[in-house]
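Undergrad: For the sequence shown, position 30 (counting from the first letter as 1) is numbered 233 according to the working numbering, and the numbering increases by one without interruption. We put the CB at the ideal spot given by N, CA and C, even for glycine. Here's a structure for you.
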Amino acid sequence: MFAAVCDEFYRYDDQDISLVDHATSVLADERDVEHVFTFDPDGFRTLGFTAVPDDTGEA
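Now the structure itself:
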């Protein structure tokens, strides 16, 4: 998993996305998760996720 996180981190090296957010993204992709609950939605949107509650209005 760490190698996949590092690959994604380098792929988006022009973005301000934390290593933890990349790790979350890799785990979510492996589990077919489409929505991520977050208070910092920009990075997850960049990574292709729907941010809850910002994008859905749900809490």
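Let me check understanding here. Comparing Cα to Cα, which of Val208, Glu237, Asp257 and Asp232 lies closest to Ser221?
TA: By one-based count along the sequence shown, residue 221 stands at place 18. Considering only alpha carbons, the answer is Val208.
Undergrad: Using the Cα positions of Val229 and Glu211, report the straight-line distance between them to the nearest angstrom.
TA: By one-based count along the sequence shown, residue 229 stands at place 26. By one-based count along the sequence shown, residue 211 stands at place 8. One C-alpha to the other measures close to 8 Å.
Undergrad: Per DSSP, which one or two residues make a beta bridge with Val239?
TA: On the sequence shown, residue 239 is found 36 positions in, with the first residue counted as 1. Bridge partners of Val239: Ala254.
Undergrad: Given a cut-off of 8 Å on the beta-carbon distance, is the pair Asp224 and Gly246 in contact?
TA: Position 21 of the sequence shown, counted from the first residue, corresponds to residue 224. Position 43 of the sequence shown, counted from the first residue, corresponds to residue 246. Contact flag set, yes.
Undergrad: Comparing alpha-carbon positions, which option in Thr227, Asp243, Tyr215 and Pro244 lies nearest Val236?
TA: As a first step, residue 236 is located in the sequence shown; it is residue number 33 there, counting from the start. Out of Thr227, Asp243, Tyr215 and Pro244, Thr227 has the C-alpha closest to the C-alpha of Val236.
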